[in-house]
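Residue numbers (UniProt numbering): 1 to 125. In this text, a Cβ means the ideal position worked out from N, Cα and C, and glycines have one as well. Keep in mind it's a predicted model, so treat the numbers as computed, not measured.
The following block contains the structure:
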(Lines of atoms letter the chains of each structure in order from A and count residues from 1; the text may use other names and numbers.)
(Lines give C-alpha, C1' and ligand atoms only; values in the text may rest on other atoms or scores of the structure.)
Protein backbone atom coordinates (compact mmCIF):
# COMPACT_ATOMS: atom_id res chain seq x y z
CA UNK A 1 0.00 0.00 0.00
CA UNK A 2 1.21 3.49 -0.88
CA UNK A 3 1.89 6.40 1.38
CA UNK A 4 -0.98 8.48 2.71
CA UNK A 5 -0.86 12.09 1.61
CA UNK A 6 -2.39 14.11 4.48
CA UNK A 7 -2.95 17.20 2.32
CA UNK A 8 -4.85 15.23 -0.32
CA UNK A 9 -6.83 13.44 2.38
CA UNK A 10 -7.79 16.75 3.99
CA UNK A 11 -8.72 18.40 0.66
CA UNK A 12 -10.81 15.44 -0.53
CA UNK A 13 -12.36 15.08 2.93
CA UNK A 14 -13.30 18.75 2.93
CA UNK A 15 -14.77 18.53 -0.57
CA UNK A 16 -16.80 15.44 0.34
CA UNK A 17 -18.04 17.01 3.59
CA UNK A 18 -19.12 20.21 1.84
CA UNK A 19 -20.91 18.36 -0.97
CA UNK A 20 -22.62 16.02 1.50
CA UNK A 21 -23.73 18.92 3.67
CA UNK A 22 -25.19 21.06 0.90
CA UNK A 23 -27.03 18.28 -0.94
CA UNK A 24 -30.31 19.19 0.79
CA UNK A 25 -30.18 22.91 -0.12
CA UNK A 26 -31.83 22.50 -3.57
CA UNK A 27 -34.72 20.63 -1.90
CA UNK A 28 -35.13 23.39 0.69
CA UNK A 29 -35.20 26.04 -2.06
CA UNK A 30 -37.65 24.01 -4.17
CA UNK A 31 -39.98 23.43 -1.21
CA UNK A 32 -39.87 27.12 -0.31
CA UNK A 33 -40.70 28.26 -3.85
CA UNK A 34 -43.41 25.65 -4.41
CA UNK A 35 -44.86 26.06 -0.89
CA UNK A 36 -45.20 22.27 -0.89
CA UNK A 37 -43.21 19.28 0.28
CA UNK A 38 -45.12 16.72 -1.78
CA UNK A 39 -42.92 13.66 -2.25
CA UNK A 40 -40.53 14.59 0.56
CA UNK A 41 -40.69 12.24 3.53
CA UNK A 42 -41.24 13.97 6.84
CA UNK A 43 -39.93 10.92 8.68
CA UNK A 44 -36.74 10.81 6.60
CA UNK A 45 -35.97 14.43 7.42
CA UNK A 46 -36.64 13.73 11.10
CA UNK A 47 -34.37 10.65 11.06
CA UNK A 48 -31.56 12.56 9.36
CA UNK A 49 -31.93 15.41 11.83
CA UNK A 50 -31.83 13.10 14.84
CA UNK A 51 -28.99 10.97 13.41
CA UNK A 52 -26.76 14.00 13.03
CA UNK A 53 -26.78 14.78 16.75
CA UNK A 54 -24.82 11.75 18.02
CA UNK A 55 -22.63 11.72 14.89
CA UNK A 56 -21.56 15.32 15.49
CA UNK A 57 -20.84 14.57 19.14
CA UNK A 58 -18.84 11.47 18.21
CA UNK A 59 -16.75 13.39 15.68
CA UNK A 60 -15.94 16.08 18.25
CA UNK A 61 -15.04 13.57 20.97
CA UNK A 62 -12.83 11.56 18.60
CA UNK A 63 -11.07 14.80 17.59
CA UNK A 64 -11.47 14.24 13.85
CA UNK A 65 -10.34 16.89 11.40
CA UNK A 66 -12.36 20.09 11.09
CA UNK A 67 -14.43 19.19 7.99
CA UNK A 68 -15.62 15.96 9.62
CA UNK A 69 -16.57 17.86 12.77
CA UNK A 70 -18.47 20.59 10.93
CA UNK A 71 -20.23 18.38 8.34
CA UNK A 72 -22.75 16.60 10.61
CA UNK A 73 -23.67 19.87 12.30
CA UNK A 74 -24.29 21.65 8.99
CA UNK A 75 -26.24 18.70 7.62
CA UNK A 76 -28.32 18.42 10.80
CA UNK A 77 -29.27 22.10 10.66
CA UNK A 78 -30.24 21.87 6.98
CA UNK A 79 -32.25 18.68 7.58
CA UNK A 80 -34.00 20.39 10.50
CA UNK A 81 -34.97 23.23 8.15
CA UNK A 82 -36.32 20.71 5.61
CA UNK A 83 -38.18 18.88 8.40
CA UNK A 84 -39.71 22.16 9.59
CA UNK A 85 -40.82 22.83 6.01
CA UNK A 86 -42.43 19.38 5.88
CA UNK A 87 -44.31 20.08 9.08
CA UNK A 88 -45.34 23.55 7.96
CA UNK A 89 -46.43 22.78 4.40
CA UNK A 90 -47.90 19.32 5.01
CA UNK A 91 -49.54 19.61 8.39
CA UNK A 92 -50.51 23.27 8.78
CA UNK A 93 -53.68 22.75 6.75
CA UNK A 94 -54.50 19.63 8.73
CA UNK A 95 -53.96 21.49 12.00
CA UNK A 96 -56.10 24.42 10.84
CA UNK A 97 -58.81 22.05 9.68
CA UNK A 98 -58.68 20.18 12.97
CA UNK A 99 -58.95 23.35 15.01
CA UNK A 100 -61.86 24.52 12.87
CA UNK A 101 -63.69 21.21 13.15
CA UNK A 102 -62.86 20.53 16.81
CA UNK A 103 -65.59 22.79 18.33
CA UNK A 104 -68.20 21.37 15.96
CA UNK A 105 -67.10 17.84 16.78
CA UNK A 106 -67.12 18.59 20.51
CA UNK A 107 -70.67 19.93 20.27
CA UNK A 108 -71.74 16.86 18.30
CA UNK A 109 -70.19 14.50 20.84
CA UNK A 110 -71.72 16.41 23.72
CA UNK A 111 -75.11 16.19 22.04
CA UNK A 112 -74.70 12.45 21.49
CA UNK A 113 -73.64 11.89 25.09
CA UNK A 114 -76.56 13.98 26.28
CA UNK A 115 -78.93 11.88 24.22
CA UNK A 116 -77.39 8.71 25.52
CA UNK A 117 -77.03 9.56 29.22
CA UNK A 118 -79.77 12.13 29.68
CA UNK A 119 -82.87 10.71 27.97
CA UNK A 120 -85.19 12.93 29.98
CA UNK A 121 -83.57 16.12 28.66
CA UNK A 122 -84.75 17.69 25.37
CA UNK A 123 -82.32 17.38 22.46
CA UNK A 124 -81.18 20.82 21.29
CA UNK A 125 -78.90 19.63 18.48
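Using only the alpha-carbon positions, how far apart do residue 83 and residue 2 sit? Here residue 83 refers to the residue found at position 83 of the chain shown. Here residue 2 refers to the residue found at position 2 of the chain shown. Between residue 83 and residue 2, the C-alpha separation is close to 43 Å.
What are the uninterrupted segments assigned as alpha helix (DSSP H) that are 4 or more residues long and contained completely in the segment 16 to 63, given in chain order? Listed in chain order, the complete alpha helix (DSSP H) runs (minimum 4 residues) inside the segment 16 to 63 are 25 to 34, 42 to 61.
Assign residue 6 to buried or exposed, taking buried as 16 or more other Cβ atoms, counted over all protein chains shown, within 10 Å of its Cβ. Within the chain shown, numbered from 1, the residue matching residue 6 stands at position 6. When all chains shown are included, residue 6 counts as exposed.
Here's the rule: buried if 16 or more other CB atoms are within 10 angstroms of the residue's CB, otherwise exposed. What is residue 57? If you number the chain shown from 1, residue 57 lands on position 57. By the neighbour-count definition (other C-beta atoms within 10 Å, threshold 16), residue 57 is an exposed residue.
Sufficient close CB pairs (3 or more, under 8 Å) joining the segment 5 to 19 to the segment 30 to 38: Because the criterion of three Cβ pairs below 8 Å is not met, the segment 5 to 19 and the segment 30 to 38 do not touch.
Cα-Cα, which of 20, 28, 64 is closest to residue 88? The residue you call residue 88 lines up with position 88 of the chain shown. For the set 20, 28, 64, the Cα lying nearest the Cα of residue 88 is the one of 28.
Using DSSP with H/G/I as helix, E/B as strand and the rest coil, what is residue 2? Residue 2 sits at position 2 when you count from the first residue of the chain shown. Under the three-state reduction of DSSP, residue 2 is assigned to coil, being neither helix nor strand.
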